[in-house]
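The structure is reproduced here in structure tokens:
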């Protein structure tokens, strides 16, 4: 998981390039616009629905990284368009509206923006009235039933903002709730920053403190964590852990929250550590005698957090936000020394053996992951597939400022050639009762695909969409960027289509995604770019 607040520090570079479309900041250098063959849709069954219905960084509240929207099928006549708008996470409303994490390129104020998905025109914006609040927009959640957007500030505020779209009055945002957790005893400990907020089906807002020290000065290292929930009537229930922090998002299904912790970076380098995978729910005030509610731990399990932060990594423990596999399992990657593992846990509490399996990933001493898994269930075969990318020796993030030059933007920070890369697909049997003689977890396919940002799966096309660079040209200092479509079932590359060139088109660890009409959108250093199939 990469925390996608960094996009809001790119305003100076956007201003330097001007307004309008994102320019190629290097020559295209004879690179091919399209490689491969147009795809024929190879439809998968619809994704598993999770409640509450929401749109967020990893697509839904189960963090599957998949969507039932179509995606481009590819071809030589693909259409490209872009806009120099500073973009973070992209979300979609029930009426196909687009809301993004956003920063004003003039004032540098962070907020959210309603954007026209066709023209990329900004329709409305919202920023906090208190300019001292540093918004954590990487994990904003768009709630589809209410058109409300939920997110936090590092300083302890939880915001619930409603989006309204009216044919006559236009688009606007209204603040529904602004909860200052610092006014509640034990809601946030000293030295902690607020990170996550997600709604459950009971109307509780689950929150965690945490941060990612590896992405620069956005978050200070923390030696403890607090997690809990806020009831609809603003009661706060929380628990605290020392020696652990949270470096990822969370998953929510109905009234259960799934959280992965990692060891603090302070004093743990070179020392073997563990992290925890937790399943939590709310304890109603009508429960045990004398109880006024609280956080109930359904189960917790340790995982191997290794002895050090991996080369190029930004997390000390697991780098993956928990991803749900239907109602059966929840998956993360650990941070074991040598080779990391995919760890598959049962969602429901078990008396023993909460862990179903672990699967080693990537090469020895060249294995790391800072991205959430992509998951899908094949109802025909009864098998889940989990796709994980290797981010070992990931390139640095670029932090432009007002004095950044074109040479800086096109500098060596773009070169991904030092990443060993690799993408693994692991299959997990939905029937892990022990009645089957087959191994419950095994590698299904591998690909050399190297990326820095999460892919997205379209169940309509059966394609998994990545964003990467031309490796051969990168060795020559020329950075040409492509959208790449892999067949979900086989892992074979179907096609790649050129998006642009130079550092302006570097995703800089920012997210891509699909829109309702099949357009692929990619946030990048220069703004927001999009690609869709052209007319025949």
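Numbering (UniProt numbering), first residue to last: 1 to 536. From the three backbone atoms N, C-alpha and C, an ideal C-beta is built for every residue, glycine too.
task = Can you tell me which of the three DSSP states residue 134 falls into?
result = Sequence index remark: in the chain shown, residue 134 carries index 134 (1-based). The answer is coil: DSSP assigns residue 134 none of H, G, I, E or B.
query = Three-state secondary structure (DSSP) at residue 525?
reply = Residue 525 sits at position 525 when you count from the first residue of the chain shown. In the structure shown, residue 525 sits in coil (DSSP, three-state: anything other than H, G, I, E or B).
ask   = Does DSSP put residue 346 in a helix, in a strand, or in coil?
value = On the chain shown, residue 346 is found 346 positions in, with the first residue counted as 1. Reduced to three states, the DSSP call for residue 346 is strand.
key: First through last residue of the alpha helix (DSSP H) which encompasses residue 408   = In the chain shown, counting from the first residue as 1, residue 408 sits at position 408. Its alpha helix (DSSP H) spans residues 406-409.
query = Going along the chain, which residues of its own chain have a beta-carbon closer than 6 Å to the beta-carbon of residue 377, five neighbours each way excluded?
reply = Reading the chain shown from its first residue, position 377 is the one you call residue 377. Same-chain partners within the cutoff: 48, 326, 384.
message = Which residues does DSSP list as the beta-bridge partners of residue 238?
response = The sequence position of residue 238 within the chain shown is 238, counting from 1. Beta bridge pairing from DSSP links residue 238 with 228.
ask   = Between 451, 446, 525, which lies nearest to residue 417 when the distance is taken from Cα to Cα?
value = Position 417 of the chain shown, counting from 1, holds the residue named residue 417. Residue 451 is the option with its Cα nearest to residue 417.
message = So, at 7 Å on beta carbons, what are the nonlocal neighbours of residue 435 in its own chain, with the 5 sequence-adjacent residues on each side left out?
response = Reading the chain shown from its first residue, position 435 is the one you call residue 435. Because residue 435 sits at a pLDDT of 49, beneath the cut-off of 50, its placement in the model cannot be relied upon, and the following sentence gives the value as read from the coordinates. So no residue of the chain qualifies.
message = Helix, strand or coil, according to DSSP, for residue 401 in the structure here?
response = Within the chain shown, the letter at position 401 stands for residue 401. In the structure shown, residue 401 sits in coil (DSSP, three-state: anything other than H, G, I, E or B).
inquiry  = Need the endpoints of the beta strand (DSSP E) that residue 80 sits in, please.
reply    = Here the question's residue 80 lines up with position 80 in the chain shown. First-last of the beta strand (DSSP E) with residue 80: 79-83.
inquiry  = Cutting at 7 Å between CB atoms, please list the residues of its own chain near residue 550, excluding the five before and the five after it.
reply    = In the structure as shown, the chain begins at 1 and stops at 536. Residue 550 is therefore absent and cannot be evaluated.
ask   = Touching or not, the region 239-253 and the region 197-205, by the rule of three or more beta carbon pairs under 8 Å?
value = yes
query = From the DSSP output, which residues share a beta bridge with residue 30?
reply = In the chain shown, the residue the question calls residue 30 occupies position 30. For residue 30, which the question treats as bridged, DSSP gives no partner whatsoever.
request  = Taking 8 Å as the cut-off, decide whether the C-beta atoms of residue 426 and residue 442 are in contact.
outcome  = Here residue 426 refers to the residue found at position 426 when the chain shown is read from its first residue. Here residue 442 refers to the residue found at position 442 when the chain shown is read from its first residue. Yes.
inquiry  = So, for residue 180: in the same chain, excluding its five sequence neighbours on each side, which residues have a beta-carbon less than 7 Å away from its beta-carbon?
reply    = In the chain shown, residue 180 corresponds to position 180, counting from 1. The residues are 156, 157.
task = Please classify residue 328: does DSSP put it in a helix, a strand, or coil?
result = Within the chain shown, residue 328 is the residue found at index 328, counting from 1. DSSP places residue 328 in coil when its eight states are reduced to three.
ask   = Quick one: is residue 321 buried, meaning 16 or more other Cβ sit within 10 Å of its Cβ, or exposed?
value = Your numbering for residue 321 matches position 321 in the chain shown. Under this definition residue 321 is a buried residue.
Supposed close pair residue 38, residue 495 - CB separation, criterion 8 Å = The residue you call residue 38 lines up with position 38 of the chain shown. The residue you call residue 495 lines up with position 495 of the chain shown. The pair is a contact, with the Cβ atoms about 7 Å apart (cut-off 8 Å).
query = With DSSP run on the structure shown, which of helix, strand or coil describes residue 509?
reply = Along the chain shown, one-based indexing puts residue 509 at 509. Coil, per DSSP.
task = Please go through the same chain and pick out, in chain order, the residues whose beta-carbon is closer than 6 Å to the beta-carbon of residue 389, but skip the five residues on each side of it.
result = Here residue 389 refers to the residue found at position 389 of the chain shown. Cβ neighbours of residue 389 beyond the five flanking positions: 371, 423, 451.
Sufficient close CB pairs (3 or more, under 8 Å) joining the region 78-95 to the region 518-525 = yes
task = Throw me the rounded Cβ distance for the residue 94 and residue 68 pair, which I believe falls under 8 Å.
result = Your numbering for residue 94 matches position 94 in the chain shown. Your numbering for residue 68 matches position 68 in the chain shown. Incorrect: roughly 13 Å between the Cβ atoms, too far for contact.
query = Exposed or buried, which one is residue 359 when buried takes at least 16 other CB atoms within 10 Å?
reply = Against the chain shown, residue 359 aligns to sequence position 359. With 16 or more Cβ atoms within 10 Å of its Cβ, residue 359 is classed as buried.
inquiry  = Bridge partners for residue 162 per DSSP, in chain order?
reply    = For the purposes of this step, residue 162 is taken as residue 162 along the chain shown, with counting starting at 1. According to DSSP, residue 162 bridges with 148, 174.
key: Cβ distance (whole Å) where residue 240 is taken to contact residue 226 below 8 Å   = Residue mapping note: residue 240 aligns to position 240 of the chain shown, counting from 1. Residue mapping note: residue 226 aligns to position 226 of the chain shown, counting from 1. That pair is a contact at about 5 Å.
task = Within 10 angstroms of the Cβ of residue 535, are there 16 or more other Cβ atoms? Answer buried if so, exposed if not.
result = Within the chain shown, the letter at position 535 stands for residue 535. Under this definition residue 535 is an exposed residue.
request  = Assign residue 291 to one of three DSSP states: helix, strand, or coil.
outcome  = As a first step, residue 291 must be located in the chain shown, where it is residue number 291. In this prediction, residue 291 scores a pLDDT of 49, lower than 50, which makes its location untrustworthy; the coordinate-derived value is nonetheless stated afterwards. Correct three-state label for residue 291: coil.
query = Would a C-beta distance cut-off of 8 Å place residue 161 and residue 174 closer than the cut-off?
reply = Along the chain shown, read from residue 1 onward, the residue named residue 161 stands at position 161. Along the chain shown, read from residue 1 onward, the residue named residue 174 stands at position 174. Going by C-beta atoms, residue 161 is nearer than 8 Å to residue 174.
inquiry  = Can you give me the C-alpha to C-alpha distance between residue 538 and residue 168, rounded to a whole angstrom?
reply    = No answer is possible for residue 538: the residues shown for the chain start at 1 and end at 536.
ask   = CA-CA distance, residue 129 and residue 195?
value = Mapped onto the chain shown, residue 129 falls at position 129. Mapped onto the chain shown, residue 195 falls at position 195. In a straight line, the C-alpha of residue 129 is about 19 Å away from that of residue 195.
key: Coil, strand or helix - residue 190 by DSSP   = In the chain shown, the residue the question calls residue 190 occupies position 190. In this structure, residue 190 counts as coil in the three-state DSSP scheme.
query = If we call anything under 8 Å between Cβ atoms a contact, is residue 114 one with residue 171?
reply = One-based indexing of the chain shown puts residue 114 at position 114. One-based indexing of the chain shown puts residue 171 at position 171. Against a cut-off of 8 Å, the Cβ pair of residue 171 and residue 114 comes out as a contact.
task = Could you give the DSSP three-state label for residue 123: helix, strand or coil?
result = Position 123 of the chain shown holds residue 123. Residue 123 falls in the strand class under three-state DSSP.
ask   = In terms of residues, what are the limits of the alpha helix (DSSP H) holding residue 487?
value = Numbered from its first residue, the chain shown carries residue 487 at position 487. Per DSSP, residue 487 belongs to no alpha helix (DSSP H); it is in the beta strand (DSSP E), 480-487.
query = How many angstroms separate the CA atom of residue 52 from the CA atom of residue 83?
reply = Here the question's residue 52 lines up with position 52 in the chain shown. Here the question's residue 83 lines up with position 83 in the chain shown. Going by the C-alpha atoms only, they are around 32 Å apart.
ask   = From residue 182 to residue 299, what distance separates their C-alpha atoms?
value = Within the chain shown, the letter at position 182 stands for residue 182. Within the chain shown, the letter at position 299 stands for residue 299. The alpha-carbon of residue 182 is positioned some 28 Å away from that of residue 299.
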